[in-house]
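Undergrad: For the sequence shown, the working numbering assigns the number 12 to the initial residue and increments by one for each residue that follows.
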Amino acid sequence: MPHTVLLAEDDRAIRNALERALTLEGYRVTAVADGVEALAQAHRSRPDVLVLDVMMPGIDGLQVCRVLRAEGDSTPVLMLTALVETADRIAGLDAGADDYVVKPFDVEEVFARLRALLRRAAPVTPVPEPAREPVEEPGPDTSGRFVEAAGLRMDPRARRAWRGRRELELTRTEFELLELLIRNAGVVLDHSTIYDRIWGYDFGPGSKNLAVYVGYLRRKLDDPGAPQLIHTVRGVGYVLREG
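#1: At what residues does the beta strand (DSSP E) containing residue 91 begin and finish?
#2: Under three-state DSSP, which class holds residue 168?
#3: Of all the alpha helix (DSSP H) runs that stay within the bounds of the stretch 58-86, which reach a length of 4 or more residues?
#4: Quick check on the DSSP output: the beta strand (DSSP E) that includes residue 242 runs from which residue to which?
#5: Can you look up residue 44 in the DSSP assignment and give me helix, strand or coil?
#6: Would you list the one or two residues that DSSP bridges to residue 160?
#7: Looking at the strands, I want to know which residues DSSP matches up with residue 15.
#8: Three-state secondary structure (DSSP) at residue 21?
#9: Whose CA, out of 32, 33, 26, lies closest to the CA of residue 45?
#10: Exposed or buried, what is residue 18 when buried is set at 16 or more other beta-carbons lying within 10 Å of its beta-carbon?
#11: Would you mind stating whether residue 185 and residue 228 have Cβ atoms separated by less than 8 Å?
#12: To the nearest whole angstrom, what separates the beta carbons of residue 221 and residue 206, a pair I think is in contact under 8 Å?
#13: Under the rule that 16 or more other beta-carbon atoms within 10 Å means buried, what is residue 244, buried or exposed?
#14: Just confirm the distance between the C-beta atoms of residue 76 and residue 63, as a whole number of angstroms; I'd bet it's less than 8 Å.
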């Protein structure tokens with residue numbers, strides 16, 4: 012089976028050229044243009060290796076890497092960067108990247124570094140977990156199954172969510188919207204991105220659909236006297252953060 016590569020690069024010319032080169036080299040490539048889509052695709056289908064551009068609008072390659080590492084995802088990451096200072100390279104490695112290539116790069120160097128990363132990566136054989144009885148309230152997370160931010164905790168597999176010890180009763184759309192916000196906590200997600208991730212298409216600037224669902228979530232999330240968690244960034248979108 013060919014190795015799978017998730018490529019995230021906002022420069023269309025570089026993305027298309029590298030996608031073609033990797034495909035000709037025998038890789039199965041999924042190419043995306045931003046960090047939000049990279050995270051979404053990585054969550055849908057785990058690749059064998061990620062190639063991430065450092066400088067992308069919205070969620071950059073460093074943030075993508077940090078999120079995946081925080082979730083316990085050890086997939087090898089190769090960074091593409093135009094930054095050549097030592098401090099910038101250290102920042103990439105500290106974010107959890109395994110290696111980097113400086114632009115402009117020779118595609119053969121990319122191939123060589125990918126081969127090295129794939130050789131070092133331990134083979135992963137999925138092992139079915141035994142069935143577990145659901146718990147009524149979340150305890151310490153020792154399994155890596157929870158997604159957490161801003162005092163919220165979610166179990167995507169069981170489709171359960173809590174604020175503190177209070178379990179939230181969410182519809183499917185509310186759950187998916189909250190999961191998107193939690194996985195991107197602190198990052199402002201624009202309306203188009205949220206529409207695309209949750210509904211698969213943009214309803215247009217006149218639609219109130221997203222605002223309605225955010226209102227539903229706020230009513231279910233907010234506690235009297237506690238800070239609001241979902242904040243509106245006027246003219247842009249929404250962000251999940253405390254305070």
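Idealized CB from N, CA, C, for every residue including glycine.
TA: The short version:
#1: 88-92
#2: coil
#3: 72-81
#4: 241-244
#5: coil
#6: 163
#7: 39
#8: coil
#9: 26
#10: buried
#11: yes
#12: 6 Å
#13: exposed
#14: 6 Å
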